[in-house]
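Engineer:
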Amino acid sequence: MHAGAPGRQSGTSRPAPESTELLRTYALREFTVLELRGEIDLAALPRLQPHIDFATGGHGPQIVIDLRQVTFLDCSGLRLLCRARTRAEERGGRVRLICDHPLTLRILRAAGLMQAFRPVADMEAAVESE
Numbered sequence: 001m002h003a004g005a006p007g008r009q010s011g012t013s014r015p016a017p018e019s020t021e022l023l024r025t026y027a028l029r030e031f032t033v034l035e036l037r038g039e040i041d042l043a044a045l046p047r048l049q050p051h052i053d054f055a056t057g058g059h060g061p062q063i064v065i066d067l068r069q070v071t072f073l074d075c076s077g078l079r080l081l082c083r084a085r086t087r088a089e090e091r092g093g094r095v096r097l098i099c100d101h102p103l104t105l106r107i108l109r110a111a112g113l114m115q116a117f118r119p120v121a122d123m124e125a126a127v128e129s130e
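With the UniProt record's numbering applied, the sequence shown closes on residue 130, and no number is skipped along the way.
(1) Can you name, in chain order, every residue of its own chain whose Cβ lies under 7 Å from the Cβ of Arg-37, other than the five neighbours on each side?
(2) Quick check on the DSSP output: the alpha helix (DSSP H) that includes Gly-77 runs from which residue to which?
(3) By how many angstroms is the C-alpha of Arg-29 removed from the C-alpha of Arg-83?
(4) Alpha carbon to alpha carbon, how far is Gly-93 from Gln-62? Give it in angstroms, no decimals.
(5) Could you give the distance in angstroms between the alpha-carbon of Gln-115 and the alpha-carbon of Thr-20?
(6) Nearest by alpha-carbon distance to Ala-121: which of Ala-110, Arg-109 and Arg-96 is it?
(7) Assign Leu-73 to buried or exposed, taking buried as 16 or more other Cβ atoms, counted over all protein chains shown, within 10 Å of its Cβ.
(8) Could you name the residues that DSSP lists as bridge partners for Asp-66?
(9) Is it right to say His-51 is buried, meaning 16 or more other beta carbons lie within 10 angstroms of its own, or is it exposed?
(10) Residues in its own chain within less than 6 Å of Val-64 by CB, not counting five upstream and five downstream?
(11) Please classify Pro-119: is it buried, with 16 or more other beta-carbons within 10 angstroms of its beta-carbon, or exposed?
(12) What are the boundary residues of the beta strand (DSSP E) that includes residue 144?
(13) For the candidate residues Ala-111, Ala-55 and Arg-87, whose alpha-carbon lies nearest to that of Arg-24?
(14) Let me see if you follow: with CB-CB separation under 8 Å, is Leu-28 close to chain D or not?
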C-alpha cells in the first residue's frame, strides 16, 4: 500500500481511525481522498483531526481534500486544512483542495488562503498532473 493510503500507514502497523459521518476516506490512484461533509467547526475537530493526521503521517502523502459536501466551515476548519497542508509538505507531499461552494470559497479568500490551496472545482482537476 502506498504512503497515505487508507487502511494502514506506510511503515507502521497502526490502523486507520474509525470512520465518521463527517468524513469518507478512499484511495484514488496515488492519492488519499478525504471527503468532508456537513459542518466543519470546533465541535467536529476531535472527530476529524485523527483522520487528517493519519493521512498526512506517511512519507510523501498525496492528499485530496474534497469540501464539496461541506455546509459550514469556520476558523477551526481552516486551521484543520492548514494543519493538513503543513504536515503533508513537511513529509514531501502535497494537499489539493476541491471546493465549489461560494461561501466556503469566500471564507478561504477572506483568510488569504486561496493562493496557498488553489482550490479546484472537481476531482478530475485535483488529480491531474501539473
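Don't be surprised by glycine CBs; every beta carbon is placed ideally from N, CA and C.
Structural biologist: Straight from the coordinates:
(1) Cβ neighbours of Arg-37 beyond the five flanking positions: Leu-22, Gln-69 and Val-70.
(2) It spans 75-90 - the alpha helix (DSSP H) in which Gly-77 sits, taken as one unbroken run.
(3) In a straight line, the C-alpha of Arg-83 is about 23 Å away from that of Arg-29.
(4) Roughly 5 Å between the two C-alpha positions.
(5) Taking the straight line joining both Cα atoms gives about 30 Å.
(6) Among Ala-110, Arg-109 and Arg-96, the Cα nearest to that of Ala-121 belongs to Arg-96.
(7) Buried: at least 16 other Cβ atoms inside 10 Å.
(8) Answer is Glu-35 and Ile-98, bridged to Asp-66.
(9) By the 10 Å Cβ count, His-51 comes out buried.
(10) So the qualifying residues of the chain are Phe-31, Val-33, Arg-96 and Ala-126.
(11) Buried is the call here.
(12) Since the displayed the chain opens at 1 and closes at 130, residue 144 lies outside it and no answer follows.
(13) Closest in alpha carbon position to Arg-24, among Ala-111, Ala-55 and Arg-87, is Ala-55.
(14) Although the question refers to chain D, the structure presented lacks it and comprises just one protein chain.
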